[in-house]
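Residues 25 to 236 in the working numbering are what the sequence shown lists, from first letter to last. Note that CB positions come from ideal geometry on N, CA and C, so glycine has one too. The block underneath contains the structure these notes are about, expressed in structure tokens.
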Amino acid sequence: GAFADYRSWVYLRDEFFGGAPATGSIGDLGWNTNGGSIAQGGGTTNEPGFYTLATGGSSATTATIYTQGSASVFAPGTFDLVWRVRLNTVDTNTAAHIGMQDSVTTVAPTNGHYFQKLDADTNWFAVSRAAGVQTGTRTDTGIAIGTSFITFRVVRTGSALAEFYINGELVATHSTNIHAVNCNTVVGIVNSAAANKTISIGFFQMIVPVTR
């Protein structure tokens, strides 16, 4: 409908049905990966297609998936970002990031808006980070981390506000540490033990208003 008008909207979407498990060929959009490995996961109930990102068995391995192109391809401003993700390993040696950030090779960016699990976390946290600062904008969502697919959504309004949703529920609102640099859409996982940790990606959508 409205998103068909290229003059007003950039509308990206991927169900992760097709492609091949190689950088530049993943899904419909041709995603990139860095570190670890990625494999097609087939389908499951209500999630007909997904890919699984894995760290492998070497400790301190960061594995990420991000949109095709340079490390920072989306200018700061308004966007509506949705990821549908399943963390397959929930323990104190697994960290994960899901959202938008300026680095595609780490789960510790300098700038971004994302959902985060650090090793010791048992709930998802919503994070807004600008120039390395996240004071007051790492918010406990109260949503327990589990091993089912979850819909994560970040809605940013210009340079003023970032809203975070889990499965349609508003879980955090940030009005500070709204960064002012280009970023990219990223899902990442890192292990802090010599054991394989995995995360599955089933859906992506991003809407950006433009004037052309």
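Just the C-alpha distance for P100 and G123, rounded to the nearest angstrom, thanks. In this structure, the CA atom of P100 is about 14 Å from the CA atom of G123.
Near G170, which residues of its chain fall below 7 Å by C-beta distance, leaving aside the five closest residues on each side in sequence? So the qualifying residues of the chain are V114.
Contact belief for Q140 with N208 at Cβ below 8 Å, rounded distance in angstroms: With a contact defined as Cβ atoms closer than 8 Å, Q140 and N208 miss out at about 16 Å.
How far does the beta strand (DSSP E) with N147 in it reach, from first residue to last? First-last of the beta strand (DSSP E) with N147: N147 to R153.
Answer yes or no: does any C-beta atom of chain D fall closer than 7 Å to that of T79? The chain labelled as chain D is not found in the depicted structure, where only one protein chain is given.
7 Å Cβ shell around A144 - same chain, five flanking residues per side excluded: The residues are T116.
Are the CB atoms of L224 and G65 nearer to each other than 7 Å? The amino acid occupying residue 224 in the given sequence is Ser; Leu does not appear at that position. In contact: S224 and G65 (Cβ atoms closer than 7 Å).
Cβ-Cβ separation, Y75 to A84 (assumed contact under 8 Å), whole Å: Incorrect: roughly 23 Å between the Cβ atoms, too far for contact.
So if DSSP puts S224 in a beta bridge, which residue, or which two residues, is it bridged to? Beta-bridge pairing links S224 to T76 and R110.
Contact check, A196 vs A150, beta carbons under 7 Å: For the 7 Å CB-CB criterion, A196 and A150 form a contact.
Between the C-alpha atoms of F103 and T222, what's the straight-line distance to the nearest angstrom? The C-alpha of F103 lies about 28 Å from the C-alpha of T222.
Exposure label - Y90; buried when at least 16 CB within 10 Å: Counting the other CB atoms within 10 Å of its CB gives Y90 a total of 16 or more, which places it among the buried residues.
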